[in-house]
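A short worksheet on the structure shown next.
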Amino acid sequence: MSKPKTKPTLPILKEGEILYLTGPKQRHRELGFAIRVMFQFIKGFRALHFIGPCITVFGSARFKDGHEHYEKAEEVGKAIAEMGFTTLTGGGPGIMEAANKGAFEAGGKSVGCNIVLPFEQQPNPYVHKTVTIRYFFVRKVLLLKYSYAFVIMPGGWGTMDEMFETLTLVQTKVMHNFPVVLIGKSYYQPLLDYLQTMVQQKTISPDDMKLVLLTDDINEAMAHIQKYIQSHYKVTTRAKPTWWLFEKV
2 MSKPKTKPTL PILKEGEILY LTGPKQRHRE LGFAIRVMFQ FIKGFRALHF IGPCITVFGS
62 ARFKDGHEHY EKAEEVGKAI AEMGFTTLTG GGPGIMEAAN KGAFEAGGKS VGCNIVLPFE
122 QQPNPYVHKT VTIRYFFVRK VLLLKYSYAF VIMPGGWGTM DEMFETLTLV QTKVMHNFPV
182 VLIGKSYYQP LLDYLQTMVQ QKTISPDDMK LVLLTDDINE AMAHIQKYIQ SHYKVTTRAK
242 PTWWLFEKV
């Protein structure tokens, strides 16, 4: 097993990049933004094309080593590695670091897709490969694109955004009906109780609740994921890199 990498220093978003959602701008600036977005997608596609098959783990960046959620995420990363999947996270600290660490130390593949923020967020050292993206919406596409399942650990605004976007894409069949597992009953039970209110108000259907498994048992979570994938999908590895495209694993 290789040693964890030294944390590199990331750039910080400049004011002009933060203001890309502040309304119409001059046409040449809008075109420039569209080109920058395109290159961010290409950068991500090139970096992550050969990493799969993956399971993505979402969760808060705020939990430190030693916290119960951090330790649980380490167990998740280890379990994903034992299933033969790559652990893919947002590449930052907290739950992301813990899941990457669990996979890394178990001898599995560990990958991070980090984000550049107005304040500094360092990538964690427990990744074999990392890519840094400048826009959240590009990063979310990448975190969803390469995975067969999604594990949602306790988290805040960002985690809720990732979870509900994933569920929306599955519900609307824009994305395959991949398993979504919430780990942390005491944390997520109140949220699921509120989702039942949505069912009662008919803003979501009763069948939508079947899209989520809530558990504290990692063995149950992995068995649910494995059974669903084996029943519905043929897991394949990516093609080998092409030398003349300067591709790398």
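All letters in the sequence shown, in the order written, are residues 2 to 250 by our numbering.
Just so it is clear, CB atoms sit at the ideal spot from N, CA and C, and this is done for glycine as well.
Just so you know, these numbers come straight off a predicted model, no measurement behind them.
Going by the beta-carbon positions, is the gap between residue i and residue j smaller than 7 angstroms?
i      : j      : result
Ser61  : Gly185 : no
Gly78  : Thr87  : no
Val152 : Leu212 : no
Ser111 : Val128 : yes
Tyr136 : Gln41  : yes
Leu183 : Leu144 : no
Pro1   : His233 : Absent from the structure is residue 1, since the part of the chain shown begins at 2 and ends at 250.
Ala80  : Met210 : no
Phe46  : Glu163 : no
Ala35  : Tyr71  : no
What's the C-alpha gap between residue i and residue j?
i      : j      : result
Ile96  : Gly67  : 11 angstroms
Pro207 : Val200 : 6 angstroms
Val236 : Gln227 : 11 angstroms
Ser187 : Glu69  : 12 angstroms
Ala240 : Val250 : 10 angstroms
Trp158 : Gly113 : 19 angstroms
Asn115 : Ile205 : 32 angstroms
Ala74  : Gly103 : 7 angstroms
Asp218 : Ile43  : 38 angstroms
Ile134 : Lys26  : 23 angstroms
Gly109 : Leu32  : 41 angstroms
His177 : Gln197 : 24 angstroms
Out of the options, point me to the one whose CA is closest to residue i's CA.
i      : options                           : result
Val175 : Lys203, Lys146, Ser206 and Leu49  : Lys146
Val142 : Glu221, Thr57 and Pro94           : Thr57
Ala82  : His129, Lys26, Met223 and Ala107  : Ala107
Tyr149 : Ile116, Met39, Gln231 and Gly109  : Gln231
Leu85  : Tyr71, Leu193, Pro54 and Gly91    : First, the amino acid is wrong: residue 85 is Gly here, not Leu. The option with the nearest alpha carbon to Gly85 is Pro54.
Leu49  : Thr167, Lys203, Val139 and Gln197 : Val139
Gln123 : Glu72, Glu163, Phe105 and Arg63   : Arg63
Asn101 : Asp217, Glu76 and Leu118          : Glu76
Gly93  : Lys65, His29, Asn125 and Thr173   : Asn125
Leu193 : Gly33, Phe165 and Phe105          : Phe165
Tyr189 : Thr160, Thr169, Gly91 and Lys203  : Thr160
Pro5   : Thr243, Lys130 and Trp244         : Lys130
Indicate the three-state DSSP secondary structure (helix, strand or coil) for residue i in the structure shown.
i      : result
Leu118 : coil
Lys26  : coil
Lys65  : coil
Ser232 : helix
Ile205 : coil
Gly60  : coil
Lys249 : coil
Thr1   : Examination of residue 1 is not possible in this model, given that the chain is present from 2 through 250 alone.
Lys110 : coil
Val132 : strand
Ile184 : strand
Hey, is residue i close to the ligand FMN, as in C-beta under 6 angstroms from one of its heavy atoms?
i      : result
Tyr195 : Because no ligand of any kind appears in the structure shown, any question about the ligand FMN cannot be addressed here.
### Message
Extract the residue ranges of the alpha helix (DSSP H) inside the region 142-180, only unbroken runs of 4 or more that lie entirely within it.
### Response
At a cut-off of 4 residues, the continuous stretches assigned as alpha helix (DSSP H) that sit fully inside the region 142-180 are 158-172.
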